Amino acid sequence: MEAKKTPKADLDSKRKIFLQIGIVIALGAALVAFEWKHYERSGRDLGTLEIDFIDEEDIPITRQEQPPPPPPPEPSQELIIVEDDVELEEEFTIDIDADVFTEVQEFIPVIMVDIEEEEEFAEDVIFTVVEDQPLYPGGEEARLRFLEENLRYPLVAREAGIQGTVFVTFVVERDGSVTDVRILRGIGGGCDEEAIRVVKLMPRWEPGRQRGQAVRVQFSMPIRFILT
Numbered sequence: 000m001e002a003k004k005t006p007k008a009d010l011d012s013k014r015k016i017f018l019q020i021g022i023v024i025a026l027g028a029a030l031v032a033f034e035w036k037h038y039e040r041s042g043r044d045l046g047t048l049e050i051d052f053i054d055e056e057d058i059p060i061t062r063q064e065q066p067p068p069p070p071p072p073e074p075s076q077e078l079i080i081v082e083d084d085v086e087l088e089e090e091f092t093i094d095i096d097a098d099v100f101t102e103v104q105e106f107i108p109v110i111m112v113d114i115e116e117e118e119e120f121a122e123d124v125i126f127t128v129v130e131d132q133p134l135y136p137g138g139e140e141a142r143l144r145f146l147e148e149n150l151r152y153p154l155v156a157r158e159a160g161i162q163g164t165v166f167v168t169f170v171v172e173r174d175g176s177v178t179d180v181r182i183l184r185g186i187g188g189g190c191d192e193e194a195i196r197v198v199k200l201m202p203r204w205e206p207g208r209q210r211g212q213a214v215r216v217q218f219s220m221p222i223r224f225i226l227t
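Residue numbering for the sequence shown follows numbering that gives the first Met the number 0, starting at 0 and increasing by one per position.
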């Protein structure tokens, strides 16, 4: 019979070599298995931490004892005699020769009256704080009504949109008249001049009083300008 396989594809010719290689590998594995050594792992002790707790000792609070104060000295029982023989001037006389017909002058006691003179304040003194402040005639409502009726918004301030509060100060005299009108803080635009003009038009105020006397008082007043 004619062979169909080529000599290179014939595996039977190499069977012995593969068998020998397999035997060598098996023997090597068996040898390695017999020679393998196994070591047991032993746990390492890191030791234990021991903590000694020390009981806190209560230290008593010591106070320095101070000696008691010495007792007060006992009052002396010694009697001290002071010479106080003073000659007194005679304030009255006795008439030993008087009888029932002797005329005796009537004793009239002298009464000392201490009259406090009212303190007069100088006319040029201006007070800022007094017992009774000056009052507008008719009260606060009358003052606001007067300002509303007499105040005119300046045209320049109206066109420029200026509005705010003008603070005016003046002196209320003893007779209630208003003097020395000045601007403390203004807003411009003619509002300051208008505020001064209206304050000078005010009627007489009820003057301020100090200890019942009419005095000059410095008074401040805000005047508001608001566009509507």
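Glycine included, each C-beta is placed from N, C-alpha and C at the ideal position. Keep in mind the model is a prediction, meaning the values are calculated, not measured.
Backbone secondary structure at residue i - three-state DSSP
i, result
"residue 207", "strand"
"residue 217", "strand"
"residue 112", "Because the pLDDT at residue 112 is just 45, under 50, the model does not fix this residue reliably, and the value given afterwards should be weighed accordingly. If DSSP states are grouped into helix, strand and coil, residue 112 belongs with coil."
"residue 13", "helix"
"residue 225", "coil"
"residue 19", "helix"
"residue 134", "strand"
"residue 212", "strand"
"residue 97", "Low confidence applies to residue 97: its pLDDT is 47, below 50, so where it sits in the model is not reliable, and the reading given next is rough at best. Coil at residue 97, not helix or strand."
Residue from the options whose Cα sits closest to the Cα of residue i
i, options, result
"residue 204", "34, 137 and 72", "137"
"residue 268", "16, 193 and 207", "The question about residue 268 has no answer, for the chain in this structure spans 0 to 227."
"residue 170", "125, 202 and 17", "125"
"residue 134", "72, 35, 202 and 34", "202"
"residue 180", "147, 144 and 218", "218"
"residue 151", "224, 159, 29 and 69", "224"
"residue 121", "26, 195, 173 and 156", "173"
"residue 199", "149, 187, 153 and 140", "149"
"residue 153", "20, 30, 145 and 187", "187"
"residue 196", "28, 67, 178 and 65", "178"
"residue 191", "207, 210, 166 and 206", "166"
"residue 158", "147, 17, 189 and 206", "189"
"residue 162", "185, 23, 144 and 146", "185"
Contact belief for residue i with residue j at Cβ below 8 Å, rounded distance in angstroms
i, j, result
"residue 168", "residue 183", "5 Å"
"residue 226", "residue 175", "Wrong, their Cβ atoms sit about 34 Å apart, outside the cutoff."
Could you check whether the stretch 127-134 touches the stretch 196-216, counting it as contact only if at least three pairs of C-beta atoms, one from each stretch, sit closer than 8 Å? yes
Contiguous alpha helix (DSSP H) assignments of at least 4 residues, all confined to the stretch 145-195: 154-159
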